[in-house]
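With numbering that gives the first Met the number 0 applied, the sequence shown closes on residue 452, and no number is skipped along the way. Glycine included, each C-beta is placed from N, C-alpha and C at the ideal position. Down below is the structure, laid out as structure tokens.
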Amino acid sequence: MTAPRMSVKAVLAAPTMGQRVVVHGWLRTRRTAKNLSFLVVNDGSAQESLQVVVDCHTQGHDQIEDFSTGVSLCVEGEIKASRGQQQIELLATAVTLIGAAPNYPLQKKGHTLEFLREQAHLRARTNTFGAVFRIKDSTARATHDFFQRAGFYCLHAPITTPSDCEGAGNLFAVTVPDTEASGSAPHFFGRPAYLAVSGQLYAEAAALALGKVYTFAPTFRAENSNTTRHLAEFWMIEPEVAFADLNDICTLAADFVQQVTAQVLRDNVAELEFLQKHYPALSLPALEKLSQTTCARITYTEAIALLAQAVSRGQRFDHAPTWGASLQTEHEKYLAGEVFSGAVIVTDYPKAIKPFYMRSNDDGKTVAAMDLLLPNIGELVGGSQREERLDLITARCAELHEDMSWYLDLRRFGTAPHAGWGLGFERLVQYLSGMQNIRDTVFAPRAAQLLYF
Ligand code: 4AD
Ligand code: MG
């Protein structure tokens, strides 16, 4: 009878001494001492690897010289207490080479992130990227857990849309190459279509029917900026809540960040410890703090005043902080990192720099907008209370070059105050993993001039 197959994670989590198991994985390193060979095998299921001991009785030991870094293999053996650094090891009764790996490019430890970006198809096999992608998985699960606990319904908004929700004009067009080139065929959809920059407008319609909804979906922006925080394709989490105001969704954002961080801290101890050791941008005390304290809240006007005070004390910015202009990343990082040493929510931005759907405040100059800022990252969340008054939203929609009658219907028929936000999922993973470059949080990153595989 053959032994049961187990993952490395399962073997290490609850080892039964003397149990016979079969493990599949990839060889990280091999070391030979006297008549013994020690194989470090990782199958991606956990941060830790399994140490396998091969002796002269192990079936297949005569082929051990073929076991080079990167090969895939199958090991059958017995779980034993280890005399080495690790708690347990597998004393192999049989080892089988499954796939050879001549000239494997990830030979040594400590390749630079730049080098690994050029090997993106293989980099998930390293400790660093294994950790990042397992943390990303936990963050996605924690996201669904949070909204499901809070009574939200998960909504699949469309990816193909006629709308430029944000009005920033950085859309990707959806076309059919041949018919477009011939110039004669009409648009496939009968009108111009784009990849969604946001699912918000659909989430609004859904919230005004289902009450509380959230999307968690790919979004696309033709950002021509080569920064460490922008991607052309990224995932956004967008809750939308009926009968809610700006204050309600600020609380929702603060709770979300707090609870998701707490869950990742609980579920990814080994990953976070590994990353903290190797990447100074990751601070577990900072994550603990984020998971325990609600974020500060200030208005945009107060933010500008704080930045102006900083300038008067000698702080230098590339862009002078002036009322009416967008907060630059340097301002956002300064506010979260230096002034608040943690997350901060900034509300009530000038109307002129925000999209058409945001609710006008009574001062006539600002809108009920909110951004949540984090140290090192800057903007993580952007949201607002939506303009629910028919006359005001009709006037704002008139500025757009689109038929928004369906959107106005939401205000015509049973309008209600409602509010929501969008959170850049990869930026959250950046913060939780300490990766300085957003491209290192994505399996196959897409950005301007970057479509590697
Ligand atoms: O602030 P944004 O543009 O907000 C919206 O799209 C709203 N419609 C959301 C809503 O209210 N439902 O984008 C939301 C978040 C940003 O705060 C940022 O974290 C992320 O999406 N984001 C990007 N992440 C990676 N690459 C990009 N190019 C991003 N652009 C925005
Ligand atoms: Mg924004």
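Cα-Cα separation, residue i to residue j
i           : j           : result
residue 407 : residue 413 : 11 Å
residue 371 : residue 294 : 9 Å
residue 57  : residue 214 : 52 Å
residue 197 : residue 166 : 11 Å
residue 114 : residue 441 : 15 Å
residue 46  : residue 152 : 33 Å
residue 438 : residue 231 : 10 Å
residue 43  : residue 129 : 7 Å
residue 424 : residue 236 : 7 Å
residue 308 : residue 258 : 33 Å
residue 376 : residue 391 : 34 Å
residue 292 : residue 127 : 28 Å
residue 88  : residue 143 : 36 Å
residue 446 : residue 225 : 8 Å
residue 265 : residue 107 : 31 Å
residue 185 : residue 206 : 34 Å
Proximity of residue i and residue j at Cβ, strictly below 8 Å
i           : j           : result
residue 359 : residue 386 : yes
residue 78  : residue 18  : yes
residue 117 : residue 93  : no
residue 426 : residue 228 : yes
residue 289 : residue 432 : no
residue 421 : residue 366 : no
residue 199 : residue 249 : no
residue 98  : residue 67  : no
residue 221 : residue 170 : yes
residue 7   : residue 40  : yes
residue 233 : residue 194 : no
residue 416 : residue 188 : no
residue 52  : residue 35  : yes
residue 137 : residue 268 : no
residue 456 : residue 162 : Beyond the ends of the chain as shown, which are 0 and 452, falls residue 456; an answer cannot be given.
residue 332 : residue 284 : no
residue 1   : residue 21  : yes
residue 348 : residue 119 : no
Nearest residue (CA-CA) to residue i, options the options
i           : options            : result
residue 305 : 52, 401, 330, 58   : 330
residue 208 : 256, 410, 441      : 410
residue 443 : 420, 250, 132      : 132
residue 211 : 145, 354, 84, 259  : 145
residue 159 : 150, 152, 191      : 191
residue 84  : 121, 37, 109, 23   : 37
residue 418 : 383, 14, 398, 390  : 383
residue 61  : 90, 95, 253, 168   : 95
residue 299 : 369, 277, 263, 269 : 369
residue 154 : 225, 202, 120      : 202
residue 125 : 143, 105, 137      : 105
residue 428 : 256, 311, 314      : 256
residue 73  : 319, 90, 122, 23   : 23
8 Å contact criterion, which residue i and residue j should meet: CB distance rounded
i           : j           : result
residue 345 : residue 297 : 6 Å
residue 324 : residue 335 : Not really, about 18 Å apart at Cβ, beyond 8 Å.
residue 134 : residue 337 : Between residue 337 and residue 134 the Cβ distance is about 26 Å, and since that is not below 8 Å, they are no contact.
residue 260 : residue 281 : Contact flag wrong, Cβ pair sits at about 12 Å.
The ligand 4AD heavy atom lying under 7 Å from the CB of residue i
i           : result
residue 229 : yes
residue 405 : no
residue 235 : yes
residue 162 : no
residue 287 : no
residue 25  : no
residue 222 : yes
Cβ-heavy atom distance, residue i to the ligand MG, below 7 Å
i           : result
residue 378 : yes
residue 370 : yes
residue 381 : yes
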